[in-house]
Amino acid sequence: MDLRLLNKTALTAVVWTLNGLWLLFLLWATASQVHATERGPDYLFPREATGGVVLDASRLQSEGGGQGGAQVSYQAFDGTIHSLSEYRGKHVRLLLPVSPPGNPYFTEDHIEEMVDRLDVLYVLYRDLLHREPSGAGLLPIAFVPETCGMGCGLLGAKGIEILSHPLNYENIIRELDAGQLEKILVHEMVHNFDTFAEYMHYLPDHAHAWTDMFEFFAPYRYARDLRNNETPDDVFNSPVRAIWRDYVADQTANWETCVRQQGCAEDGLPANPLWAMLYYRVEAVHGSEALLRSFDYLADYASRKAAPASDEDKEGLRILSLAVGAQANIACYLDELRWPLTDAVRNEMTLRFGSGAALC
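Its first residue numbered 155, the sequence shown is counted upward by one per residue in my numbering.
So, in structure tokens, the structure goes:
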């Protein structure tokens with residue numbers, strides 16, 4: 155028997171086996187990443203969360219090869235309990251898994267910068283909206299093995315969970331090295347600051363209509379942060395840049411069909427960015443201060459009055475807040491955009507600001 159043939163056959167078998175194992179690994183890795191990135195909704199109503207709280211107040215010092223944080227017990231949104239290392243800022247508490255010895259998830263510098271930037275982001279959102287999420291104490295941001303998305307935020311309440319997944323760690327580190335926060339952190343905190351939800355929400359996924367505006371206005375248009383080497387204004391306009399043009403060009407598109415009934419998505423006009431579009435229109439004509447004044451009006455209204463009941467009345471409240479922000483009768487904007495305008499809101503704008511004909 156030719157031993158060379160046997161060796162060649164054995165080598166071929168090994169190569170095929172290794173190639174097969176490599177292919178299986180690639181399929182597993184791809185499936186794992188798809189599973190991680192194509193998860194469900196990334197927010198919960200507070201009533202849907204079992205936990206989201208730090209259970210022990212003792213904050214015993216962590217032992218072993220962690221990153222030097224204080225060890226606490228955290229009850230996750232799904233009710234499971236995790237031992238995490240806590241790093242406190244002035245407004246947030248960052249809760250990280252204890253790292254394997256010699257292989258930290260984040261360096262101490264990364265942790266310090268992340269906490270500082272999250273504190274700054276919290277103050278920015280609070281100062282623009284004049285409201286804070288419900289819940290006592292610091293806003294917890296916990297990295298956990300399972301949550302409602304790659305990131306998960308409580309709607310209008312303090313609490314964020316980030317999936318403990320390599321993709322999240324890589325993205326967060328990359329952005330921190332570039333001097334900015336990764337968008338998943340920016341996005342989930344906007345869910346926490348969706349504090350006017352009961353006054354404005356009427357769409358099935360209205361939480362993401364809110365993020366289509368505030369997530370892009372607050373850190374980019376107003377605070378002039380950067381993202382992925384894009385200019386702040388390019389980031390700000392990205393949710394509605396194309397949809398604005400398409401909506402205006404389609405004379406059959408209107409609020410009733412495309413927003414409330416969500417009937418234009420197949421034509422490239424989904425409801426959420428269309429709802430956000432009004433903010434972009436007012437900001438483009440009247441400047442960022444107009445949106446700040448509109449938030450002031452909503453905060454004052456919410457402190458004194460109950461939330462409207464109907465879709466039309468919620469939309470009317472939002473329109474009136476934008477008119478107050480613009481300090482102008484914006485009825486002609488709404489008419490041009492085929493948007494609803496009740497007689498009560500139209501009359502209120504006329505009473506406050508006159509006919510508004512100069513804007514048309």
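Glycine included, C-beta positions come from ideal geometry on N, C-alpha and C. Please read these numbers as outputs of a predicted model, since none were measured by experiment.
Would you mind stating whether residue i and residue j have Cβ atoms separated by less than 7 Å?
i	j	result
PHE347	TYR279	yes
TYR228	VAL269	no
MET431	VAL394	yes
ALA444	GLY479	yes
GLY313	GLY206	yes
ASN426	ASP366	yes
GLY305	ASP465	no
MET503	ALA477	yes
TRP429	ALA363	yes
TYR376	SER457	no
VAL499	ILE473	yes
State the Cα-Cα distance for the pair residue i and residue j, rounded to the nearest angstrom.
i	j	result
PRO200	SER509	43 Å
LEU249	ASN322	15 Å
THR496	GLU490	15 Å
SER239	VAL252	6 Å
HIS189	GLN416	Model confidence at HIS189 stands at a pLDDT of 40, short of 50, so the residue's coordinates are unreliable; what they give is reported in the following sentence. Cα-Cα distance, rounded: 27 Å.
VAL246	GLN405	47 Å
GLU420	ASN257	47 Å
ARG271	LEU282	17 Å
LEU292	ASN408	42 Å
LEU317	PRO294	14 Å
LEU209	SER237	10 Å
SER288	GLU300	24 Å
ALA361	HIS345	7 Å
LEU330	PRO373	15 Å
THR261	ILE326	12 Å
ASN501	GLY223	58 Å
TYR433	GLN225	43 Å
Classify residue i as buried or exposed, calling it buried when 16 or more other Cβ atoms lie within 10 Å of its own Cβ.
i	result
ASN483	buried
LYS459	exposed
SER448	buried
SER475	buried
GLY422	exposed
ARG506	exposed
ARG328	exposed
PRO424	buried
For residue i and residue j, which I take to be in contact (beta-carbon distance under 8 Å), what is that distance rounded to the nearest angstrom?
i	j	result
LEU471	LEU308	LEU471 to LEU308, Cβ: 24 Å. No contact.
VAL298	GLU315	5 Å
ALA230	ALA311	The Cβ separation is near 15 Å, so there is no contact.
LYS244	ASP263	So it is not a contact: roughly 19 Å between Cβ atoms.
ARG285	THR349	4 Å
* Asked: Quick one: any contact between the region 346–366 and the region 326–335, if contact means 3 or more CB pairs under 8 Å?
  -> no
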